[in-house]
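Count along the sequence shown from 1, then add 13; that gives the number in the numbering used here.
By construction, the Cβ of each residue, glycine as well, lies at the ideal position given by its N, Cα and C atoms.
In this text, all values refer to a predicted model and were calculated from it rather than measured experimentally.
Reviewing the structure listed below.
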Amino acid sequence: MNLDGAVSLLIACLELGYIINLLIFAKKNPVNKLVIAMIGLLFGYQFLEFLICFAGLQQQFIIYLAFADISLLPPLGLYTVLVYAEKLGKHHKLVFIPALFFIVYYLFAVDQLAVTKCTVLYASYHYPLGQLYGVVYYLPIIGSMIILNKKWGAEEDPKKKALTRMFFFGYLFTFLPAMIFAIFFPTFLTAAESLICKMAFVFASFLTLFVLRNK
14 MNLDGAVSLL
24 IACLELGYII
34 NLLIFAKKNP
44 VNKLVIAMIG
54 LLFGYQFLEF
64 LICFAGLQQQ
74 FIIYLAFADI
84 SLLPPLGLYT
94 VLVYAEKLGK
104 HHKLVFIPAL
114 FFIVYYLFAV
124 DQLAVTKCTV
134 LYASYHYPLG
144 QLYGVVYYLP
154 IIGSMIILNK
164 KWGAEEDPKK
174 KALTRMFFFG
184 YLFTFLPAMI
194 FAIFFPTFLT
204 AAESLICKMA
214 FVFASFLTLF
224 VLRNK
C-alpha cells in the first residue's frame with residue numbers, strides 16, 4: 014500500500030480546516046487577511062506534495078507550481094509583519110522581487126526540476142541554484158523574526174504584547190529548529206523545503222491563534 018505523501022495530505026486537511034474556521038470566525042482586517050493567505054500557501058504546498066508523492070503527478074509543471082507556491086511564503090510573511098508593525102513603506106513591496114525572480118527563472122528551467130525521492134513524511138527535489146534559493150528563502154524569515162522581536166520588546170500594551178509574542182513564537186518554534194537541523198544534519202538539506210513545510214504546521218497553528226485573537 015502506497016502511503017507516500019500521506020502526512021502531506023493530513024497536514025493539508027488540518028490547514029484547510031484552519032482556513033475555513035478563520036474565514037468564518039476571524040475579523041477580516043488587513044493583517045488577518047494576509048495571515049490567512051500565508052496559511053493558504055502552506056495548505057497549497059502540502060496538497061501539491063500529496064499529489065506529487067501519492068497520486069504520482071510528478072510532471073515538472075506540478076513540481077514548478079509547488080516551488081512557486083512556497084517561494085512566496087517568506088516575502089509574504091515579511092510583508093505581513095511590516096504591515097502589523099506599522100513599518101510598511103512603498104518600497105517594501107520590493108521584498109517580493111527575489112521570490113518572483115526564482116518563480117520566473119524556474120519557469121524557463123522547468124525541465125531541470127525533478128522529484129528525487131518520495132516518502133510518507135517528505136519529498137526531495139532536484140532544482141538549479143539551490144544554495145542561492147536557500148539564502149533568498151531564509152533572509153525574509155530572519156528579517157521577520159527580528160522585526161517581531163523588536164516590536165515585542167517595545168510594546169507596552171499587555172494584549173498587543175501577547176499578540177506579538179504569539180506571532181514571533183510561531184516563527185521561532187518553526188524556523189529556528191529548521192536552521193539548526195540544516196547546520197548539524199546536512200542530509201536535512203536534501204529535503205529542506207518539504208521538511209520545513211511539515212514543521213510549518215506549528216507555524217500555521219500559531220498563526221491561526223494569532224488571527225482569532227487579533228480583533
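Counting pairs of Cβ atoms below 8 Å between the segment 166-182 and the segment 140-151, do you hit three or more? no
Any idea what DSSP makes of T129, helix, strand or coil? strand
By the three-class DSSP mapping on this structure, what secondary structure does A98 have? coil
Three-state secondary structure (DSSP) at A68? coil
Are H104 and Y92 close, meaning C-beta to C-beta below 8 Å? no
Thinking C-beta only, is V94 closer than 8 Å to F161? This sequence places Leu at residue 161; Phe is not what is there. Result yes, Cβ atoms of L161 and V94 sit closer than 8 Å.
Closest by C-alpha distance to Y97, when choosing among I65, S157, Y31: S157
Closer than 7 Å by C-beta to E99: which residues in its own chain qualify, once you throw out the five before and the five after it? Chain order, please. none
Where does the unbroken alpha helix (DSSP H) through A217 begin, and where does it stop? 205-226
From the DSSP output, in three-state form, read off Y135 for me. coil
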